[in-house]
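Undergrad: What follows is a single structure, and I will ask about it in a moment.
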Amino acid sequence: MSPEVLHIIKMLAIILVYSAILRVARGFARGAGSLAPWVPTRSEDQKQISRLAWLGSGQTFVEIGCGSANVSRSIAQDNPTATVIGIEIARPLVRYVRRQLRRHPLANLSIIRANALDYDYSEVDVIYVYGMPKTVNRQLKNVLIPQMKSGAKFISYMFDIRDRPEGETVTYPSEQTDAQIHIYTKS
Ligand SMILES: C[S@@+](CC[C@H](N)C(=O)[O-])C[C@H]1O[C@@H](n2cnc3c(N)ncnc32)[C@H](O)[C@@H]1O
42 MSPEVLHIIK
52 MLAIILVYSA
62 ILRVARGFAR
72 GAGSLAPWVP
82 TRSEDQKQIS
92 RLAWLGSGQT
102 FVEIGCGSAN
112 VSRSIAQDNP
122 TATVIGIEIA
132 RPLVRYVRRQ
142 LRRHPLANLS
152 IIRANALDYD
162 YSEVDVIYVY
172 GMPKTVNRQL
182 KNVLIPQMKS
192 GAKFISYMFD
202 IRDRPEGETV
212 TYPSEQTDAQ
222 IHIYTKS
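The sequence shown begins at 42 in our numbering and counts up one residue at a time.
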């Protein structure tokens, strides 16, 4: 079986396990703050996102809800002097990514299992999220932007950040797909 087919089977198994866990946990999970279901950033857009992040030496990049961490891995590979952190709430995805990292280690990438809404973003240079329009514009905007330091960037894949406070947002069309990449820089 080709590695691509194996990868797809593994990811389907993770989705099945994850949705079963979600169903069982639904009663307990109300208010736990799921920001989005697992839908990965399109692989064709990863290189452009990595370029647009403009990470300098020693800077910190955090991916909120890193899923299978393909974006974080791509950023960590392209920016070996940066610190890359993926935060993910779903245990099966965190286990999957950690297994992958044991096989193909990246010294500058770490994965944290946590609710991303509880993280401290005050020292982060670039934040990346592929969330839902509602979560980007409610929880994330209200939690993240007040914490962000001046000059820090918040990259939102697909969904724009409306009514943003002081700062500017530039939208880049994807060079490969119909996606849009919105980058808010805090002033
Ligand atoms: C749309 S997927 C994006 C995955 C990945 N960032 C990408 O672009 O390929 C959203 C991810 O966020 C995770 N997630 C949802 N709510 C979260 C929370 N409160 N804290 C951390 N991760 C969360 C989901 O489990 C899912 O993996």
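Where is the CB? At the ideal position from N, CA and C, for every residue including glycine.
Quantities reported herein were computed from a predicted structural model and do not represent experimental measurements.
In this structure, what does DSSP give as the bridge partners for I222?
TA: As a position in the sequence shown, residue 222 is number 181, starting the count at 1. BP columns for I222 point to Y198, Y213.
Undergrad: Given the structure, does V80 come close to ligand 1, in the sense that its CB is under 7 Å from one of the ligand's heavy atoms?
TA: Start at 1 with the first residue of the sequence shown, and residue 80 comes out as number 39. Answer for V80: yes, Cβ within range of ligand 1.
Undergrad: Reducing DSSP to helix, strand and coil, say where V165 ends up.
TA: Here the question's residue 165 lines up with position 124 in the sequence shown. It is coil, neither helix nor strand.
Undergrad: Does the distance from the C-beta atom of V167 to that of L96 stay below 8 Å?
TA: Locating residue 167 in the sequence shown gives position 126, where the first residue counts as 1. Locating residue 96 in the sequence shown gives position 55, where the first residue counts as 1. For V167 and L96, yes; Cβs fall inside 8 Å.
Undergrad: The alpha helix (DSSP H) with V125 in it runs from where to where?
TA: Walking along the sequence shown from the start, residue 125 turns up at place 84. From DSSP, V125 is part of no alpha helix (DSSP H) but of the beta strand (DSSP E) over 124-129.
Undergrad: Report yes or no: do three or more beta-carbon pairs, one from the stretch 167-177 and one from the stretch 193-201, lie closer than 8 Å?
TA: yes
Undergrad: With 16 other CB atoms within 10 Å as the buried threshold, where does I202 fall?
TA: Stepping through the sequence shown from its first residue, residue 202 is reached at position 161. Flag for I202 reads buried.
Undergrad: Quick check: what's the CA-CA separation for I90 versus H223?
TA: On the sequence shown, position 49 is the one that residue 90 refers to. On the sequence shown, position 182 is the one that residue 223 refers to. Distance between the alpha carbons of I90 and H223: 10 Å.
Undergrad: Assuming contact is defined by CB atoms lying nearer than 8 Å, are P81 and S113 in contact in what I supplied?
TA: Sequence index remark: in the sequence shown, residue 81 carries index 40 (1-based). Sequence index remark: in the sequence shown, residue 113 carries index 72 (1-based). No, these two residues do not count as a Cβ contact at 8 Å.
Undergrad: Any heavy atom of ligand 1 within a distance shorter than 7 Å of the CB on S98?
TA: Position 57 of the sequence shown, counted from the first residue, corresponds to residue 98. Every heavy atom of ligand 1 is 7 Å or more from the Cβ of S98, so no.
Undergrad: Just to check my reading of the structure: Y162 and V103 have Cβ atoms closer than 8 Å, yes? What is that Cβ distance to the nearest angstrom?
TA: Start at 1 with the first residue of the sequence shown, and residue 162 comes out as number 121. Start at 1 with the first residue of the sequence shown, and residue 103 comes out as number 62. That belief holds up - the Cβ atoms of Y162 and V103 are roughly 7 Å apart, short of 8 Å.
Undergrad: Cβ of V46 within 7 Å of any heavy atom in ligand 1?
TA: Within the sequence shown, numbered from 1, the residue matching residue 46 stands at position 5. For ligand 1, not one heavy atom lies less than 7 Å from the Cβ of V46.
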